[in-house]
Amino acid sequence: MKFYRIFLLIFLSFPLLCKLQAQSAYDFLRLDLNPRAAALAGSFVTNTDDPNVMFYNPAGINSLKETPVSISYVNYFLDINLGGLAVSKDFENAGRFAFGVNYINYGTFTRADEFKNNLGEFSAGDVAFLLGYANNLDVNFSYGVNVKFIYSSIAEVSSSAMAADLGLQYALPGPLMVFGFSALNLGGQLKPYYDTHREDLPVDIRFGISKKMEHIPLTLALSFNKLNENHDFGEKLKAFSLGAEFNLSRVLRLRLGYDNEKRREMKLDTSTGLAGINIGVGALISGYNFDYSYSSYGFIDSIHRIGITFSY
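Residue numbers (the numbering used here): 16 to 327.
Dropping the structure here:
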């Protein structure tokens, strides 16, 4: 089947992909902005019913229905504000398109010289605009691609970049399983902060699998992230996330997620607190899906996210 041939090609290409190690430029692209995705610890590579899947695997938008719109907001650490927008529409005989925006506003800062004289204020922020497309590759097999423009500014200094996201999804209808693969942020800078130094983008190779249980309204998801990082095989598999979504009723969903990498990063001595633990809830009210999530960063702080999704 075409499914197996393509995944074999991915396997054979994996050594090349692993050379694409993520760096620090535009790291805001790694953040989970949507509350539903965050509650599941980012294990969203196999999602098939949320427009925010375009930020994790553009192939996932091919399974969307109607024209969904999603808006997300995050109050991050130190009063940093983040937001996201995702919308998708199917065009008959042409495939499904999507548009997305991610932004982060770091706020306003006071500029001072070496003598602490006030020289005014400056601001900083990042934004990414995405245009996505997905279609059928075979029966139950989808492909997708995003093209994204990234812009970052700090006071009078700015930089820009172009990147692409590639994705595949395959659904096994019998056991209700979905497999997903994505390569995110493949590209380079158009204009660096400084002419003498160009930075790499935060490339992220992901593989995920999800299973919808047959006799209980529960979906489980597993995602292996940053598979391109230059670690041995065992270390690569430690950057994983787990998610569980339980449908209490037609209008209420509970979510739980575990981010193993986050928990390891937040470890202080022998204690990690609740670092890496995410919880969330979704409620369908008058055709609008309202979502909330809570993410723990251990003893450092916690993050709250809210969002709304609707279709027309």
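Heads up, the beta-carbon is just placed ideally off N, CA and C, and yes, glycines get one too.
Neighbourhood of residue i by C-beta distance below 6 Å, restricted to the same chain and skipping five residues each side
i	result
Leu235	Lys226 and Ala259
Met228	none
Leu181	Val160 and Ala198
Ser138	Thr123
Gly195	Val60, Thr61, Asn72, Gln184 and Gly223
Range covered by the alpha helix (DSSP H) that runs through residue i
i	result
Arg279	Asn275 to Glu280
Phe305	Premise fails: Phe305 lies in the beta strand (DSSP E), Tyr303 to Ser311, not in any alpha helix (DSSP H).
Glu250	Phe248 to Lys251
Arg265	Taken as a continuous stretch (DSSP letters only), Arg265 belongs to no alpha helix (DSSP H), as it is neither H nor E.
Ala52	Pro50 to Ala54
Residue span of the beta strand (DSSP E) that contains residue i, given as start and end
i	result
Pro83	Pro83 to Asn90
Lys206	Met192 to Lys206
Arg126	Gly110 to Ala127
Thr234	Leu233 to Phe239
Phe314	Taken as a continuous stretch (DSSP letters only), Phe314 belongs to no beta strand (DSSP E), as it is neither H nor E.
Closest by C-alpha distance to residue i, when choosing among the options
i	options	result
Ala176	Tyr158, Pro217, Pro73 and Gly297	Pro217
Asn151	Gln204, Pro73 and Asp247	Pro73
Tyr273	Leu237, Gly223 and Tyr307	Leu237
Ile292	Tyr41, Arg45, Leu44 and Ser58	Ser58
Leu145	Asn275, Phe261, Ala178 and Gly98	Ala178
Ala149	Gly203, Asn117 and Asn77	Asn77
Phe255	Gly288, Arg221, His246 and Pro232	Arg221
Ile119	Val193, Ser168 and Thr211	Ser168
Phe164	Asp64, Val116, Leu257 and Ile300	Val116
Rounded straight-line distance, which links the Cα of residue j to that of residue i
i	j	result
Ser157	Asn67	16 Å
Ala54	Asp128	43 Å
Tyr309	Asp47	12 Å
Gln38	Glu214	Model confidence at Gln38 stands at a pLDDT of 46, short of 50, so the residue's coordinates are unreliable and nothing is read from them.
Val266	Asp105	25 Å
Ser103	Ala56	23 Å
Arg126	Asp316	27 Å
Ser173	Asn132	25 Å
Tyr121	Lys80	35 Å
Ala113	Leu263	30 Å
Ala40	Ile231	43 Å
Leu44	Ser301	32 Å
Tyr327	Thr82	5 Å
Lys277	Tyr312	8 Å
Leu205	Lys241	24 Å
Val154	Asn200	28 Å
Phe325	Val84	5 Å
Neighbourhood of residue i by C-beta, 7 Å cutoff - its chain only, sequence neighbours within 5 removed
i	result
Leu191	Lys226, Lys227 and Glu229
Pro50	Ser87, Gly295, Asp306, Tyr307, Ser308, Arg320, Ile321 and Gly322
Tyr91	Leu97 and Ile318
Leu134	Arg126, Ala127 and Asp128
Sequence-distant residues of the same chain with beta carbon closer than 8 Å to residue i, five excluded per side
i	result
Leu252	Phe239
Gln36	Any reading at Gln36 needs caution, since the residue's pLDDT is 44, under 50, leaving its predicted position unreliable; the model's value is listed next. Excluding sequence neighbours, Gln36 sits near Asp215, Val218, Asn243, Glu244 and Asn245.
Whole runs of the beta strand (DSSP E) within the stretch 140-179, excluding any shorter than 3 residues: 156-169
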